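Asker:
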Amino acid sequence: VSALEYFEAADIKQARELLGRHPTAAILAGGTDLVVASRSGKRALPGSILDIHKVPQLRGIEAQGRGALRIGALTTHADLEASAEVRRDWSALSDASALVGSPATRHLGTIGGNVCNASPAMEAGSPLLVFDARVELMSRRGKRQLSFAEFVVGPGRTSAHDGEILTAVVLPPVNRRVPVGSAYLRLEYRQAMEIAVVGAAALVAVDGRGKCRFARIALTAVAPTCLRAEHAEKALQGRQVTDDAIAEAAHAAADAARPIDDVRASADYRREMVRVITSRAIERAVARARKEPSR
Amino acid sequence: VRVIFNRHEEFVAPDKVNHPMAIELKTGVTRDGVMTARIARLVMDTGAYASDAPAIAEIATMMAAGPYRIPNLKIECHTVYTNKTPAGSVRAPSGPQIAWAVEQHTDEVGRSAGLNGYEIRRKNLLGEGDVGPTGQRMSAIGALECLDKAAEMVSFSAGASAGEGLGLGCGWWFSFPAASSVELKLNTDGSATVITGATESGTGAVMGLALIAAEELGLDPGRVSIVYQDTEAATWDMGSSGSQTTYNNGRALIAAAGELRKRVLDIASNKLEAAAEDLELVDGSVRVRGTPSRGITIAEVASAAFGDGEILVKRASQDVVPMPENFGATCAGRVVFPAFADPTFVCQAARVTVDDKTGVVQVKEIAAAHDFGKVLNAEGARGQVEGGIVQSIGYGLTEGTQYGEGRQLNPHLLDYKLQTAADAPAIAIEFVEVEGASGPRGGKGVGEPPIIVAAAAVGNAIHSATGARVRELPMTAPRVWRALRERRK
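In order, the protein sequence lines correspond to chains A and B. Numbering-wise (the numbering used here), the first sequence opens with residue 4 and increments by one. Numbering-wise (the numbering used here), the second sequence opens with residue -9 and increments by one.
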């Protein structure tokens, strides 16, 4: 066993300093990926670890001007699941947070860790895509923001540089002049401790005459990263929300998927399920926009 | 020596894998639904080593006959080697997969004669005096009662509600005949100690011995402690397999307790100046029947004995119980099981929903009726039934080892999907208490039967909900989905 360097930051300033001195250190938050992967023999623990889980400034959900939301990197899935604001205005992210792993994973695992782990099956991924989320990175040289879509570049790979730490996920304002609803659904084989076989998020704005004024659709676990299904969005946008329009969008989503065969499902089954799950996500998002009960 | 397997090794190293099987069944049935003949061919993949496969092949043939009265049987079981992880004895080896095939087949046979799942079973299940597949004449069995109870618990005759499916599964198993021994001590403080070589593997079977000893000696169960797990120092028991711990070690314990009880009564008889047959052991005391004020505590009896130079300890062993009459061999040979000693019977009913767009099955309810003979430890028996049902549903729906290039692809609990507490259905349990012939106080083996038929009942419930049959285990969402598509063609 090689020597392990472990540093613990007490506050944000110390985190920045430590990262400046140890730019290649792996950042430890909830540990639900890093530690579990090491224990199961999937990936050895990195030689150098910077533990940020006690940094107070990195946790919490904060409303910003004009209806934006800033989510600190250490905010747990359970925090997001419990937030009334997220449930009301960012329902897809609330749905996703409630589905992650087990109660224990949700109480330890963080949104920042989920994003930086960059799994193609990450629950938060598709909701963040439909909300055009941005991520905030900090290093000794300062801060920068980039879109979540640019941030995740492949399975387990992000565009963060050495010495950069993800400090927050920012959800920009959603135009709410027309009623808006969003939803995230996944195909699951059991009721808990599950990982997405296929997932889909939808964000729609539906006007009083039943016309879709805006649509965003994203897919989980069917490509190297979560991805937007732009043809599916176009199939809905500007049209009456009918069963046909939803079916057409779902079909376009299935075409956008690039699924693989693995132990969880065959590529064929996954592609078919993209159709089913996308159509259910759109239906639920539309129902929420219309404020139909129990959605 | 201490051997510890990590999770990965648990999957790939030991012979704790259910035998994958190819199962072909053909059954002759009269127009009114009486089964007359069955031909079955089983091919059993035992992996790289035979392990328990010869004995399991015998059990397999008995399971392929099932708990039915079929006068003409031709059953073959072929065990084959492959380069996979060896298969061996896993809770009711060969039971769940064969019952899953046989019980779905039973529904299909019934349908061909115009009978529903209840009717075809009612007509063909083994009853009092019937002869089993190897010439064993059945007596004191509760197969039909189990069927009636389980069907009643889910109102089977009313049919499934819209959007749901309802299915039945019947099965049988045996109590493993083996010799066993135990030691029982009465201490001077009035407590008792059981010293046993029986192994507790988490099922509670050894813990349940305290109840037997307490009942025989008139003690509170909390006054009985158990020394166990040191199989070298303790007297011999076969170990935790074959649903045999209570069945055999319990017999030995009752014998030991009987001798101890007799000695206690003799001593108390002198002290109380009353005939031993007028005494009873109640609440930690020996009392004169009908005159509760005349008594002596068991602690006083044990202390008095010790003072007189006598230690109250009894060791007892019980011989193997004889096999029921039989032809001397199963269809597969004569290794271990020419008959099912003290057979146990089960019927479970499943209520499921099927998402017809994705193939995801959810089990909403299982009703279980079990004939375990006389139930000695109801709490423990219920625990075994609940656990067996949840395990069987996992076996039926979400588990399953996958192989690629000769290696296991999912040797970990992320992708070998056990059922979780959130998946567990509502479970209702009833016992049909028909006293067995040879077990302790008429009890039979409990550990294995609960896992045998839930997956089968779920298979029939899937068909009831959708009209589709899944002919491969586990019945994963993609397989159910494919079966639904093929049905539509």
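Note that CB positions come from ideal geometry on N, CA and C, so glycine has one too. Being a predicted model, the structure only gives us computed values, none of them experimental.
Using the Cβ count rule (16 or more neighbours within 10 Å means buried), how would you classify residue 192/A?
Answerer: The residue is buried, with at least 16 neighbouring Cβ atoms inside 10 Å.
Asker: Determine which residues share a DSSP beta bridge with residue 88/B and list them.
Answerer: According to DSSP, residue 88/B bridges with nothing at all.
Asker: If we count the other Cβ atoms within 10 Å of its Cβ and call it buried at 16 or more, is residue 409/B buried or exposed?
Answerer: That one is buried.
Asker: DSSP three-state call for residue 239/B: helix, strand or coil?
Answerer: Residue 239/B: helix per DSSP, three-state reduction.
Asker: Residue 16/B by DSSP, collapsed to three states: which one?
Answerer: Three-state result, residue 16/B: strand.
Asker: Going by C-alpha to C-alpha distance, which of 108/A, 295/A, 200/A, 79/A sits closest to residue 223/A?
Answerer: Minimum Cα distance to residue 223/A is reached at 200/A.
Asker: In its own chain, which residues sit with a C-beta less than 7 Å from the C-beta of residue 236/A, not counting the 5 before and 5 after it?
Answerer: 218, 219, 220, listed in sequence order.
Asker: Leaving out the 5 sequence neighbours to the left and right, which residues in its chain are closer than 7 Å to residue 33/B when beta-carbon positions are compared?
Answerer: 11, 12, 68, 70, listed in sequence order.
Asker: Counting only Cβ pairs nearer than 9 Å, list the residues of chain A close to residue 346/B.
Answerer: Per Cβ cutoff of 9 Å: no residues; residue 346/B is ~10 Å from chain A at best.
Asker: I think residue 175/B touches residue 249/B, with their Cβ atoms under 8 Å apart; what is that distance to the nearest whole Å?
Answerer: Not really, about 12 Å apart at Cβ, beyond 8 Å.
Asker: In the DSSP assignment, find the unbroken beta strand (DSSP E) run with residue 54/A in it and report its ends.
Answerer: Run containing residue 54/A: 51 to 54, per the beta strand (DSSP E) assignment.
Asker: In the DSSP assignment, the beta strand (DSSP E) including residue 160/B goes from what residue to what residue?
Answerer: Residues 155 to 163.
Asker: For residue 450/B versus residue 159/B, is the C-beta distance shorter than 8 Å?
Answerer: Taking 8 Å as the Cβ cut-off, residue 450/B and residue 159/B qualify as a contacting pair.
Asker: Can you check which of these residues, 278/A, 273/A, 145/A, is closest to residue 251/A by C-alpha distance?
Answerer: Closest by alpha carbon: 278/A.
Asker: Return helix, strand or coil for residue 53/B, following the three-state DSSP convention.
Answerer: Correct three-state label for residue 53/B: helix.
Asker: Are residue 432/B and residue 425/B closer than 8 Å when you measure CB to CB?
Answerer: Cβ distance < 8 Å, so residue 432/B and residue 425/B count as in contact.
Asker: For residue 402/B and chain A, any beta-carbon pair shorter than 8 Å?
Answerer: Yes, its Cβ sits closer than 8 Å to a Cβ of chain A.
Asker: Which runs of the beta strand (DSSP E) fall wholly inside the region 126 to 211 of chain B and span at least 3 residues, in chain order?
Answerer: 155 to 163, 170 to 176, 182 to 186, all fully within the region 126 to 211 of chain B.
Asker: Return helix, strand or coil for residue 9/B, following the three-state DSSP convention.
Answerer: If DSSP states are grouped into helix, strand and coil, residue 9/B belongs with coil.
Asker: On the criterion of 16 or more Cβ atoms from any shown chain inside 10 Å, does residue 129/B qualify as buried, or is it exposed?
Answerer: Burial call: exposed.
Asker: Within 8 Å (strictly less), CB to CB, does residue 272/A reach chain B?
Answerer: Yes, its Cβ sits closer than 8 Å to a Cβ of chain B.
Asker: Report the neighbours of residue 412/B on chain A: residues whose CB is nearer than 9 Å to its CB, in chain order.
Answerer: Those within 9 Å of residue 412/B in chain A are 193, 194, 195, 196.
Asker: Quick one: does residue 34/A have its CB under 8 Å from some CB of chain B?
Answerer: Cβ-Cβ to chain B under 8 Å: no for residue 34/A.
Asker: Using a Cβ-Cβ cut-off of 6 Å (strictly less than) and excluding sequence neighbours within five positions of residue 162/B, which residues of its own chain qualify?
Answerer: Only 57, 333, 335 meet the Cβ criterion.
Asker: Note down the Cα distance separating residue 223/B from residue 4/B, rounded to an integer number of angstroms.
Answerer: Those two C-alpha atoms are separated by around 26 Å.
Asker: Beta-carbon of residue 350/B versus every beta-carbon of chain A: anything under 8 Å?
Answerer: Taking Cβ atoms only, chain A reaches closer than 8 Å to residue 350/B, which makes this a yes.
Asker: Using beta carbons (cut-off 8 Å, strictly below), is residue -2/B in contact with chain A?
Answerer: Judged by the 8 Å Cβ criterion, residue -2/B is in contact with chain A.
Asker: Is any beta-carbon of chain A found at less than 8 Å from that of residue 261/B?
Answerer: No, because no Cβ of chain A sits closer than 8 Å to the Cβ of residue 261/B.
Asker: Would you say residue 287/A reaches chain B, if we count a Cβ-Cβ gap shorter than 8 Å as a contact?
Answerer: No, residue 287/A lies away from the interface with chain B (no Cβ there is under 8 Å from its Cβ).
Asker: Counting only C-beta atoms, is residue 37/A closer than 8 Å to chain B at any point?
Answerer: Taking Cβ atoms only, chain B never reaches closer than 8 Å to residue 37/A, which makes this a no.
Asker: Could you tell me the alpha carbon to alpha carbon distance between residue 325/B and residue 465/B, rounded to whole angstroms?
Answerer: Straight-line Cα distance between these residues: approximately 33 Å.
Asker: The alpha helix (DSSP H) with residue 109/B in it runs from where to where?
Answerer: First-last of the alpha helix (DSSP H) with residue 109/B: 107 to 114.
Asker: Report the residue from 230/B, 85/B, 469/B, 110/B whose alpha carbon sits nearest the alpha carbon of residue 221/B.
Answerer: Nearest C-alpha to residue 221/B: 230/B.
Asker: Check the Cβ-Cβ distances between residue 284/A and every residue of chain B, and say whether any is below 8 Å.
Answerer: Not one chain B Cβ lies under 8 Å of residue 284/A.
Asker: With H, G and I counted as helix, E and B as strand and the rest as coil, what does DSSP make of residue 326/B?
Answerer: Residue state, collapsed to three classes: coil.
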